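Chemist: Before anything else, here's the structure in question.
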Amino acid sequence: MKRTVPLIIAGTVGFVLIVSYFIPYTESWGEDAMTWFNILAAIAFVLGAGNLVKMHLKKISDQQAGWGYSAITLAAFFFTLIVGMLKIGVTPSEKYPTNAWAGPYDQAGSAFRWVYDYLFLPLSATMFAMLAFYIASAAFRAFRAKNVEAIALLTTAFIVLLGRTYAGVWLTDWIPEESIGLEADALRLDNVTGTIMNTFNLAGMRAITIGIALGVASTSLKVLLGVDRSYLGSTDD
Amino acid sequence: MKPQTLGWTLLMVVGGAFLIGRAVLTGAGTVYVQDVEIEVEIEDEAEEEAQVVTLQRVEQVPPNARSEPGVRLSYVHTFGLWVAAACTLGIFSFLWGDNPLYKVTEAIFVGSSAAYAMVVAFWSELVQNLCGNLLPDLMRETLIPGLKVEEPNLWYLVPLVMAIMLLWRLMPSGGWISRWPLAFFIGATAGFRMMGYLEADFTQQISNTIMPLIVTGADGSFQFWASLKNMTIVGSVLVCLTYFFFSVEHTGPVGWAARLGIWVLMITFGASFGYTVMGRIALLAGRLEFLFDDWLWLIDPLGRRLDM
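Protein chains in written order, with the numbering used here: chain A, 45 to 281; chain B, 25 to 332.
And the structure:
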């Protein structure tokens, strides 16, 4: 009951989705299964939020180190949740002007949009922007031109980095468009970058993608046939 | 107080004073809006004449339009702009080292993004798909006036039950109950991803690699560079796949091909690295533009403060 039923459910749902690709009659089954999947994914967000609240409430009640930050986390969480759920500041849509709840939850001028524009967007963009520093610092520490492969990687990275900036264009702008009957402008850094991206990078990524697809297919089959049961967790409970 | 701490404190105080002074003198860090009224006609079957309803909207305007009639300073958006700037600086402060300001912004980020994801999931999935299919009449009257579903679809009781089972994980005992919806999740992902990857990645990539090695133009002339490019792509894909093929020992011709494959892969990794760094730098430039343009008004790339 605890382990067999989940295996049957996983196998059945997976194979129904695979079959729905091949039999037009079952196409709607696949669509329904995906809608159910999205509903469960939405519930997973609720579960995640519940865990977050539980964990931080415990931290506050135990007065653990840094409990003040937990209080800020919960305050930000409940503020965003309340303004989003209650659609605070949302005015009726033009299509249904008499229905107060018909306006979109992320309407411009609403409180939830304020949270998105002035909290979520700047915070997430800055978090990802910080990676520029860390990638550069990690590259400086880890990359060493020890052999041919490392030199190929470093040279390509340098050309692509330079070729994507105005400096790269400016540095090799002096190369004439045509010389001794050949298209010499292919040697300009921006064009070299284009060649690398459209030829070698394309081929390499294509081979990697084929490998990933085969890996995903074999892993999926192992899960659906019940060979891989790691997602069920331990046998204790 | 340590000399270093004193130095930083003085720097912060001077910087803060500069910002406040600049905001007072030039109006930097302010947002202007105008109220827009939209009139909508409602057809009422009982009444002969159509009823007109006026909806209020608030639109942001560029700062150089602040003296125009109807344009006013928005305290809510101005406060938001300063909050966004403080959050941006708070995250950047981690470059200096772990500090309370960073921890505060990090805590805000965690809380608001968790709730943001939950709100989006609630309105777009739970209300739209779950409640919309189970209670279509009620949803049409309240939250989704344009709902097209006519009759309740009782099949949607299945995801409702599975949702309750998934939430059972928060209970102190009986956590195994959540395995059933989790199995549905895993099965659906495996089935969907397997077909998606085989169709879009595996077969499509092979199909795209089957290309002419000798390219000719419209007039039948031999195209050297296009042919060389196609030969390089096909050859590179083959040598990379040879490197990934571990069922044959990498010696002799197979070893040479695998070696070439490593070089192509190294070029790919180098290009991907450069591309990723450039993407992050573009994001960084975006944040700096926000600080210097939207907040401090030190630069004006879009000409939003011309004639001020």
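Positions of the beta carbon are idealized from the N, C-alpha and C atoms, including for glycine.
Nothing here was measured: the structure is a model prediction, and the numbers come from that model.
#1: What number of angstroms, rounded off, separates the C-alpha of Ala-281/B from the C-alpha of Phe-133/B?
#2: By a C-beta neighbour count over all protein chains shown, 10 Å radius and 16 as the cutoff for buried, is Glu-130/B buried or exposed?
#3: Are the C-beta atoms of Arg-188/A and some chain C residue less than 9 angstroms apart?
#4: Assess contact between the region 279–298 of chain B and the region 233–245 of chain A, defined as three or more Cβ pairs (one per stretch) separated by less than 8 angstroms. Is contact present?
#5: What does Ala-109/A touch in chain B if you count any residue whose Cβ is under 9 angstroms from its own?
#6: Considering Glu-193/A, what are the terminal residues of the alpha helix (DSSP H) in which it resides?
#7: Within its chain, find whatever has a CB closer than 8 angstroms to the CB of Ala-146/A; leave out the 5 residues flanking it on each side and keep chain order.
#8: Got a sec: which bits of the region 29–45 of chain B sit with their beta carbon under 8 angstroms from any beta carbon on chain A, in order along the chain?
#9: Under 7 angstroms Cβ-Cβ, which residues of chain B neighbour Val-134/A?
#10: Could you confirm whether any beta carbon from chain A is found closer than 9 angstroms to the beta carbon of Glu-223/B?
#11: Between which two residues does the alpha helix (DSSP H) harbouring Glu-71/A extend?
#12: Could you round the C-beta distance between Asp-150/A and Tyr-160/A to whole angstroms and report it? I think they count as a contact, below 8 angstroms.
#13: So what's Glu-83/B in DSSP terms, helix, strand or just coil?
#14: Got a sec, what are the start and stop residues for the alpha helix (DSSP H) Gln-58/B sits in?
#15: Hey, out of Arg-81/B, Val-261/B, Gly-259/B and Thr-54/B, whose CA is closest to Leu-97/B's CA?
#16: Does any residue of chain B bring its CB to less than 9 angstroms from the CB of Ser-105/A?
#17: Report the option in Trp-319/B, Glu-175/B and Trp-147/B whose CA atom is closest to the CA atom of Pro-160/B.
#18: Relative to chain B, which residues along the region 170–181 of chain A have a C-beta separation below 8 angstroms, given in chain order?
#19: Can you pull the chain A neighbours of Tyr-299/B, defined as C-beta to C-beta under 7 angstroms?
#20: Over the uninterrupted alpha helix (DSSP H) stretch that includes Val-95/B, give me the two end residues.
#21: So what does Thr-240/B bridge to, in DSSP terms?
#22: Could you work out which residue in Pro-68/A, Ala-152/A and Arg-250/A is closest to Glu-83/B when comparing CA atoms only?
#23: Taking Cβ positions only, does Asn-95/A come closer than 9 angstroms to chain B?
#24: Which residues in the same chain have their Cβ closer than 7 angstroms to the Cβ of Thr-266/B, if we skip the five residues on either side of it in sequence?
#25: Determine the DSSP secondary structure at Val-76/B, reduced to helix, strand or coil.
#26: So Leu-96/A and Phe-121/A are in contact, right, with Cβ under 8 angstroms, and what is the actual spacing, rounded?
#27: Interface residues of chain B around Tyr-69/A at Cβ under 9 angstroms?
#28: Under 7 angstroms Cβ to Cβ from Val-260/A, same chain only, skipping five residues before and after it: list those, please.
Modeler: Taking the geometry as given:
#1: 48 angstroms
#2: buried
#3: As a matter of chain content, chain C is missing from the structure shown, whose protein chains are A and B.
#4: A contact exists between the region 279–298 of chain B and the region 233–245 of chain A.
#5: Neighbours of Ala-109/A on chain B: none; closest Cβ ~11 angstroms, over 9 angstroms.
#6: 192–207
#7: Excluding positions up to five away in sequence, the list reads Pro-136, Ser-137, Lys-139 and Tyr-140.
#8: none
#9: The contacting residues do not exist; Val-134/A stays about 11 angstroms from chain B at best.
#10: yes
#11: 71–105
#12: Beta-carbon to beta-carbon, Asp-150/A and Tyr-160/A are separated by about 7 angstroms, close enough to satisfy the 8 angstroms threshold.
#13: strand
#14: It is not in any alpha helix (DSSP H) - Gln-58/B instead sits in the beta strand (DSSP E) that spans 56–66.
#15: In terms of Cα proximity to Leu-97/B, the closest of Arg-81/B, Val-261/B, Gly-259/B and Thr-54/B is Thr-54/B.
#16: no
#17: Glu-175/B
#18: Residues passing the 8 angstroms Cβ filter: Thr-170, Met-171, Phe-172, Ala-173, Met-174, Leu-175, Ala-176, Phe-177, Ile-179 and Ala-180.
#19: Val-204
#20: Boundaries for Val-95/B: no alpha helix (DSSP H) harbours it, while the beta strand (DSSP E) harbouring it runs 95–97, taken from the DSSP string.
#21: Phe-246/B.
#22: Ala-152/A
#23: Answer yes: the Cβ-Cβ gap between Asn-95/A and chain B drops below 9 angstroms somewhere.
#24: Val-278, Ala-281, Ala-282 and Gly-285
#25: In this structure, Val-76/B counts as strand in the three-state DSSP scheme.
#26: About 7 angstroms; that satisfies the 8 angstroms criterion.
#27: What Tyr-69/A touches in chain B: nothing, since even the nearest Cβ is about 17 angstroms away.
#28: Around Val-260/A: no qualifying Cβ.
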